[in-house]
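Everything on this sheet refers to the single structure shown next.
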Amino acid sequence: MAAALEQIAASSGWKIYNKSLRVYEGTTLAMVRGEEERNLLAVGDGSLFDDLDGTVIADGAAKLAPLTHANRKVLNHYFPYTVPRALGTEVATIGLGDRLGIAGSGHLQAVEGKQILPVLAQQSIRELNLTGRSYEEVLDAACYAVFQEGFEDGFGADGDHLKVEADIELALRLGFTMLTLDCSEHIDNDVANMDEGQLQRAYAAIPSATRERYEQRYGGKSFAVGESAIQFEVATLQSYVCIYGKAIDFMERIYKQYIVSAGRDIDFEISIDETLTPTDPAAHFMVAQELKDRGVDIYSMAPRFCGEFQKGIDYIGDLTQFEQELKVHAAIVDHFGYKLSIHSGSDKFSVFPVIGKHTSGRFHVKTAGTNWLEAVRTVAQVNPSLYRRMHAYALEHVEEALAYYHVSMRLEEIAPLDQTVDAQLPAYMDEDNARQLIHITYGLLLQAKDEQGKPLFKTKFYQTLYEQEEAYAESLRRHIGRHLELLGK
Ligand SMILES: [Zn+2]
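For reference, each letter of the sequence shown is one residue, going 0 to 488 in numbering that gives the first Met the number 0.
As structure tokens, then:
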């Protein structure tokens, strides 16, 4: 059977992705690569063969099926390992958001055989808007990558940084297995700047029954967590209640309304990282204890750490202080039995070793745009003129992107394009300022159109990466591999 498939593929000039090859009853199925696109190739007969939607070829002996949403559902039905699943708290996980939808196989090659599982589909609504993709497309791309690589260890799908109920409902309905609840709109950031009188008034505005409950539970108390004690002074407790009270109610409501009623396991992550100031360990503890008391079971929590976690570059801040605070956060997480989640986690090479160490290897690290930078690096290597046009466009339009992202890049430090020879172009992706420039302009670059409304870069960009598939996968294996190694995986 496999021989028949090989023969048909060879006669049509298609390359078989060997790891994808599977037999189900009378059908042999594989992912094949043609000059312009990938397809599923089925040989034989039976229900799998019949269910795939495609063109019958080779006098009825085979079927060529495009990578559509419908065919993805067929794969999910016959090969359960292609369906995302909740990954739980007992294993380390890495979020590998793939804005382009073509990084999946390189990502899987990077995690293959390691003590860590991938969350392949991971996008926020903002990312979908900036790339013009839908949640279905994001899931389709992940499932097809899993089939292509024959990856049977399991993977997750994260509706990332969701805050609107309609989006939560949509992601869960489509089969997402992880939900990252963005609580930023329910966290009161103004409290940090209040004086004593203002804080008193804000606290007094909270219903008395709520205040009394918090005071009885935490006021003046000390809780043992690992080797440390978490203390609640009256004044700090009041400020925590003002900052996080509404957010905790929001977490509870979403959990009860959507997570419990989903009827399947969901990795429920709480994100309180989008705040102006670092999360106090005691505040982290209070949020966790409240969730536990209210019966809310979580998979992970993302506090805001000290220092800066900017996109696409290493950690900026005091490493000693980071390690001290991380220890306490990790102890809290252990105490309650969920995982510590690190957002904007790509390229934070200087802090990975301590994250791996103090979490005892049980963490969730999110990366999102670093594979885009590797894609750009690949383009810089193999298609210098395309890279040059993209770089120039990014510089021209960077102001628009700065509305979305906080970065500290200094454009004047980026080497002038006209003084850089082709062979040096990939090195832009080794320089922090250029990395951030390209990182934050991904949406603009992918959406850019000429006067006729045709994509300025997108088509050529995808085409180049398709032709250079192995070079792109290789750079992801190297780059993500470096993350995993430093994290102790
Ligand atoms: Zn976040």
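Where a beta carbon is used, it is the ideal one built from N, C-alpha and C, also for glycine.
CA nearest to the CA of residue i, picked from the options
i, options, result
"L99", "F456, G480, K72", "F456"
"M250", "I437, R376, I186", "I186"
"G368", "F335, S384, R361, Y404", "Y404"
"D7", "R37, V42, S19, I439", "Looking at the sequence shown, residue 7 is not Asp but Ile. Measuring from the Cα of I7, the nearest candidate turns out to be V42."
"V420", "A61, E466, Y471, R387", "R387"
"I15", "L39, V406, E211", "L39"
"A69", "T81, D50, D58, G87", "D50"
"R132", "G155, L119, L161, D97", "D97"
"Q467", "Q423, E34, A426", "E34"
"I545", "E469, G174, G225", "A question about residue 545 goes unanswered here, because the residues of the chain that appear run from 0 up to 488."
"N17", "E136, D194, G53, E5", "E5"
"L138", "L129, F321, K162, A102", "A102"
"Q320", "V350, I297, V31", "V350"
"Y392", "K347, M300, T440, G306", "T440"
"D431", "A422, A414, Q418, A447", "A414"
"L485", "L401, Q435, I354, Q122", "I354"
"V406", "E307, S104, Y471", "E307"
"R37", "L47, S104, A2", "S104"
"L47", "I56, A57, A61", "A61"
"A191", "T235, D181, L180, S227", "T235"
"I258", "M177, D248, A29", "M177"
"R409", "A433, Q423, A426", "A433"
"P79", "L424, G158, G53, V145", "V145"
"T463", "P383, K488, Q215, G487", "P383"
"T209", "G196, T179, D189, G244", "G244"
"G218", "Q237, A228, V332", "Q237"
"E184", "K448, H106, D272", "D272"
"E469", "V378, E412, L483, E226", "V378"
heavy atom of ligand 1 below 6 Å from residue i C-beta
i, result
"D449", "no"
"S270", "yes"
"H357", "no"
"H342", "yes"
Per-residue burial, residue i [other beta carbons within 10 Å of its own, 16 or more giving buried]
i, result
"P302", "buried"
"P206", "exposed"
"Y239", "buried"
"Q380", "buried"
"N370", "buried"
"S359", "exposed"
"S270", "buried"
"L171", "buried"
"D429", "exposed"
"S221", "exposed"
"V82", "buried"
"S299", "buried"
"V55", "exposed"
"Q199", "exposed"
"V247", "Residue identity check: residue 247 is Ile in the sequence provided, not Val. With 16 or more Cβ atoms within 10 Å of its Cβ, I247 is classed as buried."
"D181", "buried"
"S123", "buried"
Contact belief for residue i with residue j at Cβ below 8 Å, rounded distance in angstroms
i, j, result
"H357", "L325", "5 Å"
"E373", "H438", "Contact flag wrong, Cβ pair sits at about 11 Å."
"H390", "L416", "6 Å"
"V224", "F284", "7 Å"
"G94", "K310", "Not really, about 14 Å apart at Cβ, beyond 8 Å."
"G155", "R84", "7 Å"
"V22", "M0", "6 Å"
"A91", "R361", "6 Å"
"L445", "T130", "6 Å"
"D313", "F267", "Wrong, their Cβ atoms sit about 30 Å apart, outside the cutoff."
"A400", "L443", "6 Å"
"A287", "F335", "5 Å"
"D44", "T26", "7 Å"
Residue-level contact to chain C via CB, residue i, 7 Å cutoff
i, result
"K457", "In the displayed structure, chain C is absent; only one protein chain is listed."
Check: residue i C-beta below 6 Å from any heavy atom of ligand 2
i, result
"T463", "Looking at this structure, you won't find ligand 2 anywhere; what it does contain is ligand 1."
For this session: Pair every Cβ in the region 331-349 with every Cβ in the region 71-81, then say whether three or more of these pairs are closer than 8 Å.
Result: No, the region 331-349 is not in contact with the region 71-81.
Exercise. Any chance the region 144-151 sits against the region 110-120, with 3 or more Cβ pairs inside 8 Å?
Worked result: Remark: three or more beta-carbon pairs, one from each stretch, lie closer than 8 Å, so the region 144-151 and the region 110-120 are flagged as touching.
Exercise. Touch check for the region 320-337 and the region 278-298: three-plus C-beta pairs under 8 Å?
Worked result: Flag = yes, the region 320-337 and the region 278-298 touch.
Exercise. Do the region 154-173 and the region 465-481 touch if we need at least three Cβ pairs shorter than 8 Å?
Worked result: No: fewer than three Cβ pairs fall under 8 Å.
Problem set entry | Contact the region 288-297 vs the region 190-208: 3+ CB pairs below 8 Å | The region 288-297, when compared against the region 190-208, does not touch it at the 8 Å Cβ threshold.
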